[in-house]
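**Q** Quick one: the structure is below, and I'll ask about it shortly.
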Amino acid sequence: MLKRIAIVSLLSMIAHADMLGYFQEANRHLQYDKTYSLYKQSNQLSQNAIEKSQYANFSADMGYTRTHAKGLDNGFNTTDMAFTDTLDVFGKNSYKIEMLALDLASQKASLSLQKEQLFISLVTMIAIYHRTVEQKVLYQTLFKKETKIVKKLQILEKTGEINNLDVLRFNNTLSRLQSHIVSLENQAIKMKKQLKLYVPKHSIPSLPHVKLQGSKKAFLAQNPQNDINRYDAHKKSVEAKGMEESYIPTLSTGLAYQQLDDPTSFGNNYSLNVGVHFSLNQGDSQEAEALKVASLSRQSRSIEIKLQRENEYITRHQAYINANKELKVLKASLKSYKQSEESTTEAYLKQYVDFNAYLQVLTESLANKEQIIALRYQRDLEATIINTIALGKIYQ
795 MLKRIAIVSL LSMIAHADML GYFQEANRHL QYDKTYSLYK QSNQLSQNAI EKSQYANFSA
855 DMGYTRTHAK GLDNGFNTTD MAFTDTLDVF GKNSYKIEML ALDLASQKAS LSLQKEQLFI
915 SLVTMIAIYH RTVEQKVLYQ TLFKKETKIV KKLQILEKTG EINNLDVLRF NNTLSRLQSH
975 IVSLENQAIK MKKQLKLYVP KHSIPSLPHV KLQGSKKAFL AQNPQNDINR YDAHKKSVEA
1035 KGMEESYIPT LSTGLAYQQL DDPTSFGNNY SLNVGVHFSL NQGDSQEAEA LKVASLSRQS
1095 RSIEIKLQRE NEYITRHQAY INANKELKVL KASLKSYKQS EESTTEAYLK QYVDFNAYLQ
1155 VLTESLANKE QIIALRYQRD LEATIINTIA LGKIYQ
């Protein structure tokens, strides 16, 4: 018994590893990590540019003037050249670096959200695909079984034990059954093609049968949407502080040279200048207030986002519990449905029951089997999603 449990556990782990591998391949194909990596490089270059411009923000100016003065026979030329460096010695623009760092963190959280949504989409499609294939096999098995029965009916028709109407009705039922098989097959083909768009070179993995192991606490700890909201709120708060401190002065130093052809002057001029610039823009303070309000608005959404995440866990957890309970009930009745189906088939062939009674028992038995398949995949789907999110490997 212990050996069997160990084998089942090992197979579940392998199946789960296959699912993660399939997801990682889809992630590589969609280049989510590459896109983030390029954004990270761009962000770092922007931060470096701000750091360098703190003490190296150079500018050069040149000017030329031709002057004709009264009392002078000829005009003269004036050439001005200036080289200036604006210094952020008081760290006026340092908030921009913090904003870029927060923006990068927000992008990282957005990447995590993309990965989570991708995993949920993939595992849901895989569950539906395998459920559809299994339902198709169920209907094919039934079709083969009923085809044998219709052959027996045709023999009974020849001997006059049943009339032609029963055979026709049975054949019509088989036609509808075959049509449903074709529909299920087309659905499976479509989903297989859709999954190939995400992972072109790998086969579709099976959905692992795993027990629910991810705790509510671990699941709620992974909340990329809340992280995005938190970083964006902080970023607006930092920007507001930067706008409030726009009064912080900047220092400018420069060298200037003036070449003067004026015969009345004392020659060329050289100068060294130092200046302090204060911003008196009243609009900055108003914009800062607007950013503070926007930051508070973002922060207020935190409770809503956390509640949405908790509601998601409750919905998935309850779906898992309900599927487990319903499966136990349906599996317990599976044997009685099978016995009822066999006895009704035998009774129908002996004409003890009519076609409608036989079809009703057959339909009820089929619905029971279909429901078992659907609930089994529902249970495994919810357990896989909760366990994987709680584990956090998809975000790495």
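Counting from 795, one number per residue, gives the positions in the sequence shown under my numbering.
No residue lacks a Cβ here, since even glycine has one placed at the ideal position from N, Cα and C.
1) Just to confirm the assignment: which complete beta strand (DSSP E) runs, minimum length 3, are found wholly within the segment 985-1071?
2) Taking 8 Å as the threshold, find out whether the segment 1010-1018 comes into contact with the segment 890-901 through three or more Cβ pairs.
3) Could you check what DSSP says for Ala1117 in three-state terms: helix, strand or coil?
4) I'd like the list of long-range same chain contacts for His784, defined as Cβ closer than 7 Å, with 5 residues on each side in sequence excluded.
5) Grab the span of the beta strand (DSSP E) containing Thr829 for me, first residue to last.
6) Who are the Cβ neighbours of Ala809 in its own chain at under 6 Å, not counting the five residues just before and after it?
7) Please state whether the Cβ-Cβ distance between Gly1036 and Thr878 is less than 8 Å.
8) Going by alpha carbons, who is nearest to Tyr833 out of Ser904, Lys846, Val883, Ala850?
9) Can you give the Cα-Cα distance for Lys938 and Glu910, rounded to whole angstroms?
10) What does the alpha-carbon distance come out to for the pair Ile1188 and Leu907?
11) Counting along the chain, where does the alpha helix (DSSP H) carrying Asp1174 start and finish?
12) Note down the Cα distance separating Phe870 from Met856, rounded to an integer number of angstroms.
13) Here's the rule I'm using: 16 or more other beta-carbon atoms within 10 Å means buried, otherwise exposed. How should Thr1138 be labelled?
14) Grouping DSSP H, G and I as helix and E and B as strand, with all else coil, what is Thr1138?
15) Can you tell which of Phe852, Leu1169, His862 has its C-alpha closest to the C-alpha of Ala876?
16) Go ahead and label Asp1026 buried or exposed: buried means 16 or more other beta carbons lie within 10 angstroms of its beta carbon, across all protein chains shown.
17) Where are the beta strand (DSSP E) runs, 3 residues long or more, that stay fully inside the segment 839-914, in chain order?
18) Give the secondary structure of Gly954 by DSSP, where H, G and I count as helix, E and B as strand, and everything else as coil.
19) Quick one: grab the DSSP three-state call for Gln1145.
20) So what's Gln929 in DSSP terms, helix, strand or just coil?
21) Report the rounded CA-to-CA distance for Ser831 versus Leu1014, giving the unit in angstroms.
22) Taking a contact to mean a Cβ-Cβ separation below 8 Å, would you say Ile1179 touches Arg1110 in this structure?
23) Can you find a heavy atom of the ligand FMN that lies under 7 Å from the Cβ of Asn1118?
24) Which same chain residues end up closer than 8 Å to Asn1062 when comparing Cβ atoms and leaving out the 5 residues on each side of it in sequence?
25) Quick one: Cα of Glu1083 to Cα of Ala1034, how far?
26) Throw me the rounded Cβ distance for the Glu819 and His996 pair, which I believe falls under 8 Å.
27) Output needed for Ile801: all residues of its chain with C-beta closer than 6 Å, excluding positions within five of it in sequence on either side, in chain order.
28) Go ahead and label Asn821 buried or exposed: buried means 16 or more other beta carbons lie within 10 angstroms of its beta carbon, across all protein chains shown.
29) Which residue wins for smallest C-alpha separation from Asn1023, given the options Asn980, Leu1090, Leu962, Val976?
**A** If we stick to the structure as given:
1) 1044-1054, 1063-1071
2) no
3) helix
4) Within the shown structure, residues of the chain are numbered from 795 to 1190, placing residue 784 beyond reach of any answer.
5) Taken as a continuous stretch (DSSP letters only), Thr829 belongs to no beta strand (DSSP E), being part of the alpha helix (DSSP H) at 826-847.
6) Low local confidence applies: a pLDDT of 49 at Ala809 is under 50, so the model's placement there is unreliable, with the coordinate-based value given in what follows. Answer for Ala809: Ser1000, Pro1002, listed in chain order.
7) no
8) Ser904
9) 42 Å
10) 10 Å
11) 1149-1185
12) 17 Å
13) buried
14) helix
15) Phe852
16) buried
17) 852-861, 870-881
18) coil
19) coil
20) helix
21) 27 Å
22) yes
23) As presented, the structure is devoid of all ligands, the ligand FMN included, so that no description of it is given.
24) Tyr1051, Gln1052, Gln1053, Leu1054
25) 7 Å
26) 6 Å
27) Reliability of the predicted coordinates at Ile801 is poor, the pLDDT of 40 falling under 50, and the value obtained from them is presented with this limitation in mind. Answer for Ile801: no residue qualifies.
28) buried
29) Leu1090
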